[in-house]
DNA sequence: ATGATAATTCTATATTTCTAGAAATATATT
DNA sequence: AATATATTTCTAGAAATATAGAATTATCAT
């Protein structure tokens, strides 16, 4: 993934509603969730939701599979993972961070 | 960090120029880099650079320490790390990803 | 065919963001 | 005091984003 593509993904993640949507999809796991499910669960107007979803699909964060009238959405786990890795490796580990954070500031693990 | 704060950080990361800036800062390590260094190294006009830096400072991705005329900038490694962790944990690990990727797609670790 | 359901596209408005030159501020040097 | 250096703030125009109602498309059921 190029720097621009990476920035593109991060930008799409960088919106509260979209982050909420992605979280919901992750929670739904591999079964995914229909657009309508998301809409009802999060209370987002259809047109707004559609807009956000299409942006996430565009950068590859979300995948959609149509089953007749219903459109199922899935998070692209590998993509999310590679973004997390990018942040860890490219932006963190080099001579800092993992070395420097002697007490574990990071939340869980 | 709240979901909104997380989204705020991700949004700031989600700009090619800012991502470049952050990378440069990380490369510079704990010595940090002066605004002028960044400006010269990346060829970004001062006002533009200042704008991007102030955004990153605002969400806590970057810290600045003034030393007379020179303003040194440092990446907040813990913040970057916690974003990476959020993506891994909150958005990835739950019943998917780490479980599902039988061959280790993630580069390091 | 008609009606219901699922979702998108169209449209418009409000708001934010990006960009960079010009002017201003703050600090150091002579 | 005058000048140079480092950086920010001001300004403004262009472009992108976000929001959501209304209209539209596609599919299914009767």
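Residue numbers (the working numbering), protein chains in the order written: chain S, 11 to 119; chain U, 11 to 119.
Beta carbons are placed, not taken as given, at the ideal position from N, Cα and C, and that holds for glycine.
Closest by C-alpha distance to residue i, when choosing among the options
i	options	result
residue 78 of chain U	U:13, U:67, U:44 and U:31	U:44
residue 80 of chain S	S:35, S:62, S:47 and S:51	S:47
residue 12 of chain U	S:13, S:12, S:17 and S:30	S:30
residue 41 of chain U	U:27, U:73 and U:54	U:73
residue 54 of chain S	S:66, S:95 and S:28	S:28
residue 14 of chain U	U:95, U:88 and U:69	U:69
CB-CB length for residue i against residue j, believed under 8 Å
i	j	result
residue 90 of chain S	residue 59 of chain S	Contact flag wrong, Cβ pair sits at about 19 Å.
residue 33 of chain S	residue 100 of chain U	7 Å
residue 56 of chain S	residue 49 of chain S	6 Å
Neighbour-count burial assignment, residue i, 16 or more Cβ in a 10 Å radius
i	result
residue 75 of chain U	exposed
residue 97 of chain S	buried
residue 92 of chain U	buried
residue 107 of chain U	Low local confidence applies: a pLDDT of 49 at residue 107 of chain U is under 50, so the model's placement there is unreliable, with the coordinate-based value given in what follows. Residue 107 of chain U is buried by the Cβ-count criterion.
residue 117 of chain U	Confidence at residue 117 of chain U is low in this model, with a pLDDT of 39, below 50, so the placement of that residue should be treated as unreliable; the coordinate-derived value is given next. The residue in question, residue 117 of chain U, is exposed, as its Cβ has fewer than 16 Cβ neighbours within 10 Å.
Short Cβ contact (8 Å threshold) for residue i with residue j
i	j	result
residue 35 of chain U	residue 83 of chain U	yes
residue 17 of chain U	residue 25 of chain S	yes
Does the stretch 11-24 of chain S come within contact of the stretch 20-39 of chain U, defined as at least 3 CB pairs closer than 8 Å?
They touch, by the three-pair rule.
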